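Below is one structure, written out as structure tokens; the observations come after it.
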Amino acid sequence: MSPLLKRFFTILSLIFGGLFFLIVLAVGILLFQLSRGPLNLDFLKSSIIEKVLTKSDTLDFETLQLSWESVDSPLRLEGLNIRYAQGHQKTREAFLEKVQCNFGLKKLLQLKAVPEEVVIEGARITIHSFKGEVSEDRYKANLSFKIINNLLKKTLDLKSVLVTDSTLEIKSQKTPIIFDLSARIAQRSVSPVTIQGKISAKNQGGAGEIITDIAYQENVGDIGVSITVSGFDSDTFDDIVPEVFLQNLTFTDLSSTLSYSYSLKTGEHAAYLKGTLCNADVTQSAYWNAPLLFPKLAFEGELKGKQFTIKELETSVQDIPMSISTRGTIDEKMDQLHLETHVTVRKIPFKDLAKVWPKGAANSAREWITENITEGTSPKASLIMKSHFDFSAQKTFFTLDSLSGTIEVQNALLSYVETMPKINKLMATAHFDAEHFDIEIKGGETHGLKISSGELFIGKFSDKVPHLALDVNIVGGLGDVLSLIDHKPLEYAKDYGLDPETSTGQTQAKLKMTFPLLSPFETSKIETIVSAKVTNATLRDLANLNVVLSKGDLEINVGSKQVSVKGHAFLNGEESQLLLTHQEKNNALDLKVQTQLTPTSLSKLWHEADVFFKGTAPLSLHYQSDAKKRGTLALTINLKGAEVNTLVYKKDFGIPSTLVVDGVYEQGRLRRIEKVSFKDENQWVVGGSADFSSEDGALSTLNLVWSHKEKNILKATYLLHKNGARFLDLTAGQIDLKNFMDTDLTELSNPQHLKEHPIDAEPMRVEFEAQKVVFGKELGLLNNKLTLFLEKGLVQNLSYTGLTEEAVKGKRDVFAQIYQTKKGALRKLRVQTEQGGAFLRALDIFDNIRGGRLKLIAYHDPAFRKKEWVGKMKVRDFTLLKAPLLTRIFSLFPTGGAELTSGEGMKFKLLKMRFGASSKAFRIHASRAHGISIGFNLSGEIEKGDKGRLNLQGTMIPLYVVNTLVSKIPLIGEVISGGKNEGLFSVAFYIAGRKDKPEISANPFSIITPGITRQLFPSQETSLTRDDNWIDEEDTEGDVFDQEFNEK
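If you count by the numbering used here, then the sequence shown holds residues 6 to 1053, one letter each, in order.
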């Protein structure tokens, strides 16, 4: 048997508490080797035999029978006497008859211990060295034991060795042992060797029995050994094996059977071991923190060739079931024994995991798991340890080559960063070895989110600072995901303008975290990436830009170095494409948006959006900011498909236009607009700049320039003083205000609007100067100067002066005022001009009047926001030219219309009108006009707009001077004619329909109706002479209007 095989049995004994059958096996193997040739005694270096013999005073050999024959040698040894004495107290004798022993001298010389001299008397053999000549005599020899002298000195640690003719005496450190040997040599042929033997030994001091059966047939070449041990407890078994085998081990009953076979022809060997150990207890283990308890340990193992296996052993640690199995490989070349041990634990609570996890086995992984995985259970945990014993040196070395394991995790609680929410209801499988720890996550929950899968990895434990990497897939609400990454130490979301509390949407996200396992923990070392796909997302105040994102299908990536949001969404209600990035290196924010802008969406950024344009417009926005929240805004709006209202120059809706804004941000607020550019295909351009308050972000200064074909049209300067006063200065050359006249600004004074936009309630002074103002036509007003005061969305005071193009010698002849009455209840408007016709033509109100002194007064009650302006107007001494509508009316009568079509026109002495004006219509409550040849009165309503409708009615008095003479007759004139300045005869007419296609009709019988009859059957119009009680007459004093205009 090879020395490594003996070492295998040594290791086997260590695994099971000591190889209790070694002494018996050694006796049998020693005898067989003596029969086959040289014996390698290296295994004796372990001093095992010496330790066994010094404790064998209670061992009783009842019988020992051996017999065999050799066919290869004529040498025959007949009779062998064996006697040993221990301490001279007891003597045991056994006699073996007919023992043949074949000594091959050449093989004897293969002993590793080099003898000084070998002398065989009666033979011509002298051996001086391994290289010397060897000769032998096969027929007769007397054996001398001188060779053994030096051999045993070099192989055994004994005091002395004395060799005589036939007696070998060996004295050990503790007690002398004597062997007596005598033999006869016979020279004759022999038959094949057959060995059948049995060794039986009982323990005289207590329970226990050892039985060894040996069988050998030389013609077959196989040796078989069976050893049975039974009835030993730890106390009695301790008498026959070294203490090292049973250290910390106690048991009440040991029963086992070892079967061993060896082929001398092939050198193959196999062994099988099976047995039970009852009530075993390892009180102290090098690996486990608690005693190993074996109520009934059934063990089973086998050796085949160079491979051996110890089948699964069932045990427990503090009532925790555990099984252990081992397999190994013998490496004779390297003189090593390699082991692989499997440990399996089932249904163990994680709080008890430290009890069964071996100390020193993947200690870093052991510490992390037991500290960070709590609650829950492990249905199955397994450990695989690979190790080897090295016998090549004088001292045996044990080395742990590798360690790995698997832990199934069920309903556990996992901590990874102290300040981050824990993962609960964790379902996972953990894999670990000496260098790494890897958790394959199959499910769990954290912070209201479901974890579908993931991985937690720790390594490399041999590094000075191992790292932890977490990679999980989570499903849940966007707000919960953002709240998760807003925990310390990350705090990413709000820094990037993503508010978890106002963010919604269904999210599938991947969270990745990597950081070193430092002590103390350093938050700055954490690297985190969150990649999320969000459906139906809502983000309020995106990037602090007052933008609401809704119905978004987004990809959101958040990390320690960058955050990005991209995808399709609705921004302020408009479908958009956006890309937002935030760089950690310089804390720069970069936002790009492609969207469709509408007045509704723009109104959330700017409340006057509906004044600016109608329809939709593609918008391109690029916003950038740095670490100090200083940045730029580039905004481009393509207005080619929109209905743009510039309030300045537009003649018709639908002008193709583009708006470009370049702004500068500081501290997250818009501080300055370096460039505003509004362009269209007609070469109209609006450009300028603006500044905003550093305190509250309000607009502090604004400079705009309107130009056309590189010619400046209007300059606007807005200024906000530190005391809160606001000023707007407007300067123009020639400017067209046609569209401004069509704009309804009454909504600005709406209380709800003022509540939502308090800036419009603040007072502001506006000054306007223009060389020429037109309203869609060439004729306009010159040298215009306007000063007005706005408060609560209304014009509270206004002062205007200008001159018409027909003014005499450039003298200002147009005056207008708006101011509050002394009682403060009403706002009052006054207009006066010496060229009423030119004034009305310039305002594009009426084109057919020439000359005329116009005076107008109107009132408005701010308490009734939708209440119209109500007032009176007088025009004296004017001429009516080419009035198509009046011409059609006059054509219905036999006289009076020719003057309208003539070059000189029809002259009128006076026009008086009482009216009401609102944003929707102009109402004529009553009006009268008369000249020499004709007079008429008119009432009704005119809707605003080119396609507005007309609903008018009136009466015409032909030959006005003659016809009204009757009304001037004292006493009876007014009765007959129907009133002062009423004609004896007049015709009623009606105008209805659209402005561009009105229908005119007249009552032909009304011309013969005398005035007294009309008084009996009055028409719907109301006399201009009725009192207007709402007018405060005292407030008219000091006006530029004469007293005549204020008559009742």
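By construction, the Cβ of each residue, glycine as well, lies at the ideal position given by its N, Cα and C atoms. Only a predicted model underlies this, so the values are computations on that prediction, with no experimental measurement involved.
Exercise. Counting pairs of Cβ atoms below 8 Å between the stretch 544-558 and the stretch 488-500, do you hit three or more?
Worked result: Output reads no: the stretch 488-500 does not touch the stretch 544-558.
Problem set entry | Nearest neighbour of residue 300, chosen from 314, 257, 339 and 341 [CA to CA] | Closest option to residue 300, judged by alpha-carbon separation, among 314, 257, 339 and 341: 257.
For this session: Sort 218, 265 and 929 by Cα distance to residue 916 and report the nearest one.
Result: Here the closest residue by C-alpha is 929.
For this session: Output the distance between the C-alpha atoms of residue 470 and residue 574, rounded to the nearest integer angstrom.
Result: So the alpha carbons of these two residues sit roughly 44 Å apart.
Exercise. CA-CA distance, residue 797 and residue 803?
Worked result: Each residue's alpha carbon lies about 15 Å from the other.
For this session: Determine the direct distance from the alpha carbon of residue 281 to that of residue 232, and round the result to whole angstroms.
Result: Put simply, the backbone Cα of residue 232 is about 15 Å away from that of residue 281.
For this session: Output the distance between the C-alpha atoms of residue 786 and residue 793, rounded to the nearest integer angstrom.
Result: Distance between the alpha carbons of residue 786 and residue 793 is about 18 Å.
Exercise. Using DSSP with H/G/I as helix, E/B as strand and the rest coil, what is residue 938?
Worked result: In the three-state reduction of the DSSP assignment, residue 938 falls in the coil class.
Exercise. So residue 543 is in the beta strand (DSSP E); what residue range does that whole segment cover?
Worked result: 532-544 is the span of the beta strand (DSSP E), which, as asked, contains residue 543.
Exercise. Can the beta-carbon of residue 512 be found closer than 7 Å to that of residue 483?
Worked result: Cβ atoms of residue 512 and residue 483: closer than 7 Å.
For this session: Could you pull out every residue in the same chain whose Cβ sits closer than 6 Å to the Cβ of residue 369, ignoring the five residues on either side in sequence?
Result: Result list for residue 369: 466, in chain order.
For this session: Let me know the secondary structure DSSP gives residue 510 once reduced to three states.
Result: In this structure, residue 510 counts as strand in the three-state DSSP scheme.
Problem set entry | At least three beta-carbon pairs within less than 8 Å, the stretch 855-863 to the stretch 875-887 | Pairwise C-beta distances place the stretch 855-863 in contact with the stretch 875-887, as three or more of them are shorter than 8 Å.
For this session: Could you please give the first and the last residue of the uninterrupted beta strand (DSSP E) stretch that includes residue 490?
Result: In the DSSP assignment, residue 490 falls outside any beta strand (DSSP E) and within the unbroken alpha helix (DSSP H) covering 483-490.
Exercise. Residue range of the beta strand (DSSP E) that residue 456 falls in?
Worked result: 454-464 is the span of the beta strand (DSSP E), which, as asked, contains residue 456.
Exercise. When we look at the beta-carbon of residue 775 and count the other beta-carbons within 10 Å, is it buried (16 or more) or exposed?
Worked result: It is buried - the Cβ of residue 775 has at least 16 other Cβ atoms within 10 Å.
For this session: Using DSSP bridges, identify the partner residues of residue 689.
Result: In DSSP, residue 689 forms a bridge with 713.
Exercise. The alpha helix (DSSP H) with residue 359 in it runs from where to where?
Worked result: Residue 359 -> alpha helix (DSSP H) spans 358-361.
For this session: Determine which residues share a DSSP beta bridge with residue 235 and list them.
Result: The partner list for residue 235 (beta bridge, DSSP) reads 214.
Problem set entry | Distance CB(residue 834)-CB(residue 863) smaller than 7 Å | In contact: residue 834 and residue 863 (Cβ atoms closer than 7 Å).
Exercise. How far does the beta strand (DSSP E) with residue 369 in it reach, from first residue to last?
Worked result: Where residue 369 is concerned, there is no enclosing beta strand (DSSP E), although the alpha helix (DSSP H) around it starts and stops at 368-377.
Problem set entry | With 16 other Cβ atoms within 10 Å as the buried cut-off, status of residue 935 | Buried: at least 16 other Cβ atoms inside 10 Å.
For this session: Note down, in chain order, each residue of its chain lying with its Cβ closer than 6 Å to the Cβ of residue 711, except the 5 sequence neighbours on either side.
Result: Once the five neighbours on either side are set aside, the close Cβ partners of residue 711 are 653, 691, 718 and 719.
Exercise. Is the beta carbon of residue 285 sitting closer than 7 Å to the one on residue 263?
Worked result: By the CB criterion at 7 Å, residue 285 and residue 263 fall outside the cutoff.
For this session: With DSSP collapsed to three states, give me the class of residue 889.
Result: Residue state for residue 889 is assigned as helix, using DSSP reduced to three classes.
For this session: Give every residue of the same chain whose Cβ lies closer than 6 Å to the Cβ of residue 800, excluding the five residues on either side of it in the sequence, and list them in chain order.
Result: For residue 800, the CB contacts under 6 Å within the same chain, skipping 5 residues up- and downstream, are 793 and 823 in chain order.
For this session: Going by CA-CA distance only, name the one from 442, 530, 738 and 593 that's closest to residue 371.
Result: Looking at the Cα atoms, 442 is the closest of the given residues.
Problem set entry | Local conformation of residue 353 per DSSP, three classes | Residue 353: strand per DSSP, three-state reduction.
Exercise. What's the call for residue 726, buried or exposed, on a 16-neighbour Cβ count within 10 Å?
Worked result: Exposed, since its Cβ has fewer than 16 Cβ neighbours within 10 Å.
Exercise. Distance, Cα to Cα, residue 945 vs residue 995?
Worked result: If you take the alpha carbons of residue 945 and residue 995, they lie about 10 Å apart.
Problem set entry | Proximal residues to residue 825 (C-beta, below 8 Å), its chain only, five neighbours per side dropped | The answer, listed in chain order, is 801, 802, 831, 832 and 833.
Exercise. Where does residue 847 fall in DSSP's three states?
Worked result: Looking at residue 847 - three-state DSSP - the assignment turns out to be helix.
Exercise. At which residues does the beta strand (DSSP E) containing residue 915 begin and terminate?
Worked result: The continuous beta strand (DSSP E) containing residue 915 extends over residues 911-922.
Exercise. Within 10 angstroms of its Cβ, does residue 924 collect 16 or more other Cβ (buried), or is it exposed?
Worked result: Exposed is the call here.
Exercise. In this structure, what does DSSP give as the bridge partners for residue 667?
Worked result: Note: residue 667 sits in a beta bridge opposite 639 and 680.
Exercise. Is the beta carbon of residue 344 sitting closer than 7 Å to the one on residue 392?
Worked result: In this structure, residue 344 places its C-beta atom within 7 Å of the C-beta atom of residue 392.
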